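Residue numbers (UniProt numbering), protein chains in the order written: chain E, 1 to 420; chain C, 1 to 420.
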């Protein structure tokens, strides 16, 4: 077992404070840090012990969130608590799945692969309601911002509209050269379409949580809390020292992410106003968006893999948030374009949706720019060499590390889906 | 008379080569450099001599362009030569007017003010045709770019569409999720509206060139070629040495421009993806656009004022081009919004115009960003002190000079109106 000082409950998580933009929603309890020990704490433990400890913590968190959801889902006054419970469920499910995938050579692969697939299904089903809610928030906020008068003071900051204040968009939008009615109608159209999608997603999530399939997943996670699906120490590296067995696999996850990033047109994305994501707004740009989304998933996998060995890179977390924002904006742009294809809408409505679509593609470009500035091709903490030799596969990338320039905060930085 | 080495005709202009993006249109003869002598050449001349020399050169150029226009305007095969002649006419008219304004204390103010007002009228009337032509080019090019498929290669550059290739936008735009028809219709609508405006501007320009008012201006410029409207040397500084009398007035023009720039929210404009020009696309943002346009005029005035004393700042010329691009994009955005208010257009047309409007506001933001990176608050060449004391009013601005970062070339860099 990894030795770590016993902290009073809640203190360990609170002492560092939640990461801005990544913490729980206001009003929620602070959730425990994934693995608070520094890198050196691995020295006394085996790989199996470290993996088991991490998976056990995530499984416990999963079960705690499930209880929280069961307590709050039935009562109308605790809707936000139920939503927060779903968010934490997904959070643990993503981490367990990622760790089983990255450290697969150390697992009982049959059990691990099966559980990973079921957790991916669960995270997907549970995430959709929040996704539509956040998309509507994002689009109504953008409509409000686009139709509000600019702050004219030097260096003034633009008001970042929220869904609540979007209702006032009609009044200020009326000054937009007779296009105010279009803004209000576009908002109403999006609200109708995305609320319908959200309601359906809510029903699907409730149905999933009541299904036999879900109960099987919950049972498997309960087993995980006491016994991780690890490979036989005699036939694998689970009995080796964690410092020797784990970093090469984490490094492999990093290399896979780095290779996917390399394939992106990142040189261009790092230039301001390169126009890449924006330029072809009226054409289908699904291919490049998909490549960026693959990078998002690989960077997230890499981040979770490094959580296990106690390496937390704030710049990487920020880069991950930029990728979340990229995905959110790209999907919001597609939703605006889809709404514009609704039959029999007024020209002013279509016009406002066109501006909104372009606005979200602008956000996509800004998110790519931010990521390009934040991404570091090599690890900031080099793997510790064991016995004078670096672990296999841990050769650092020979590329120079560009000085990361803090990306400007452009619009709503929160990803809107409670990732992290 | 200022002493300068006699160069074979055309060599003086060609030896330095036309400044990229600022030179004459392809096929046109290279026009003479405004004032090729270096700063030190002023040392032997009086202020009146230097001013007279500059005005005489510009007046000669004006009359040469007028003859060129008269020769080419009547023949259909020389339409481009006539357009180039009009461009050169405006070029000289702008410079004469600017110099009479900046160096007003050294002029016969009654004559100078009257001529300046008439030249401003002429430059305005003559510029409108080219303005509508460039606006249509810009908007059709943007529509083409927005509806074309992105180049997927890493670091690939976007195709910068031209009016000629905009006709193919329909085909590729058809892939844009059923919005291709809207792109084609939006292009046709803009073409109809802006071609009508251009035809009217062409007639107005021809009418102006045949008017008694124009002939009076041409006569006044012909007088200027031999005798500048300067103040009596006994009652003014025209008899003083040029190095003492001219730099303070040029510096005053610089300070006026610098003060107008200071009033802009430049700190924000220097941040990538600040969203300032873009954020309020659906609201009227005329006030800030107008402030930027005032800066454009003052920076141009400052540039012409420094041409007289042989100071040419390439960074300032580039900053001026960014301001031209700002004006062009802002006006193109307004034209797209105006087209969207045409009654009885199809929703897909309105949608494409909304995207186009937002695209041009994106260009506005990019132009502000480029200007913010290029603008230097202090002169790069400090005024030469005479007799150990700096000329009055030539105290350099105490602000630090930020290292100018070369702005990325975003979209079409040429201003489209042949400024320079």
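C-beta: ideal position from N, C-alpha, C; glycine also.
Note that this is a predicted model, so its numbers are computed, not measured.
Return no unless some Cβ of chain E is closer than 8 angstroms to the Cβ of residue i.
i	result
residue 364 of chain C	no
residue 371 of chain C	no
residue 43 of chain C	no
residue 353 of chain C	yes
residue 146 of chain C	yes
residue 359 of chain C	yes
residue 188 of chain C	no
Strictly under 8 angstroms for the Cβ-Cβ distance: is residue i near chain C by that measure?
i	result
residue 326 of chain E	no
residue 107 of chain E	no
residue 345 of chain E	yes
residue 183 of chain E	yes
residue 289 of chain E	no
residue 134 of chain E	no
residue 350 of chain E	yes
residue 332 of chain E	no
residue 340 of chain E	yes
residue 17 of chain E	Residue placement at residue 17 of chain E is flagged as unreliable, the pLDDT there being 36, under the threshold of 50; a coordinate-derived value is accordingly withheld.
Quick one: grab the DSSP three-state call for residue i.
i	result
residue 230 of chain E	strand
residue 130 of chain C	helix
residue 361 of chain E	helix
residue 241 of chain C	strand
residue 273 of chain C	coil
residue 280 of chain C	coil
residue 199 of chain E	helix
residue 147 of chain C	helix
residue 210 of chain E	coil
residue 341 of chain C	coil
residue 377 of chain E	coil
residue 264 of chain E	coil
residue 220 of chain C	helix
residue 186 of chain E	helix
residue 250 of chain E	helix
residue 335 of chain E	helix
Which value, in whole angstroms, describes the spacing of the CA atoms of residue i and residue j?
i	j	result
residue 425 of chain C	residue 329 of chain C	Any question about residue 425 of chain C goes unanswered here, given that chain C covers just 1 to 420.
residue 313 of chain C	residue 374 of chain C	11 angstroms
residue 185 of chain E	residue 145 of chain E	15 angstroms
residue 310 of chain E	residue 253 of chain E	15 angstroms
residue 91 of chain C	residue 122 of chain C	11 angstroms
residue 366 of chain E	residue 268 of chain E	12 angstroms
residue 112 of chain E	residue 224 of chain E	10 angstroms
residue 234 of chain E	residue 207 of chain E	42 angstroms
residue 255 of chain C	residue 193 of chain C	40 angstroms
residue 294 of chain E	residue 114 of chain E	22 angstroms
residue 148 of chain E	residue 358 of chain E	17 angstroms
residue 139 of chain E	residue 355 of chain E	11 angstroms
residue 200 of chain C	residue 338 of chain C	18 angstroms
residue 322 of chain C	residue 315 of chain C	11 angstroms
residue 368 of chain E	residue 270 of chain E	8 angstroms
residue 303 of chain C	residue 317 of chain C	8 angstroms
residue 349 of chain C	residue 363 of chain C	21 angstroms
residue 180 of chain E	residue 281 of chain C	12 angstroms
residue 134 of chain E	residue 335 of chain E	12 angstroms
residue 340 of chain C	residue 203 of chain C	27 angstroms
If I measure Cβ to Cβ from residue i and keep anything under 7 angstroms in the same chain, skipping five residues before and after, which residues do I get?
i	result
residue 89 of chain E	62, 65, 66, 69, 126
residue 342 of chain C	189
residue 120 of chain E	97
residue 108 of chain C	229, 230, 231
residue 100 of chain C	107, 112, 115, 116
residue 72 of chain E	78, 81, 82, 85
Short of 6 angstroms in beta carbon distance, which residues of its chain neighbour residue i, apart from the five on each side in sequence? Order them along the chain.
i	result
residue 221 of chain C	59, 62
residue 245 of chain C	47, 237
residue 197 of chain C	132
Excluding the five sequence neighbours on either side, which residues of its own chain have a C-beta within less than 8 angstroms of the C-beta of residue i, listed in chain order?
i	result
residue 50 of chain C	2, 42, 242, 246, 308, 309
residue 291 of chain E	260, 263, 264
residue 56 of chain C	224, 225, 226, 228
Next on the checklist: What ranges does the beta strand (DSSP E) occupy inside the region 41–112 of chain E, keeping only unbroken runs of at least 3 residues that lie completely in it?
Outcome noted: Runs of the beta strand (DSSP E) inside the region 41–112 of chain E: none found.
Checklist entry - When Cβ atoms are compared, which residues of the region 267–285 of chain C fall closer than 9 angstroms to chain B? => result In summary, chain B is missing from the structure at hand, where the protein chains are E and C.
Checklist entry - Curious, which full-length alpha helix (DSSP H) runs of at least 4 residues does the region 286–323 of chain C contain? => result Qualifying alpha helix (DSSP H) stretches, in chain order: 286–308.
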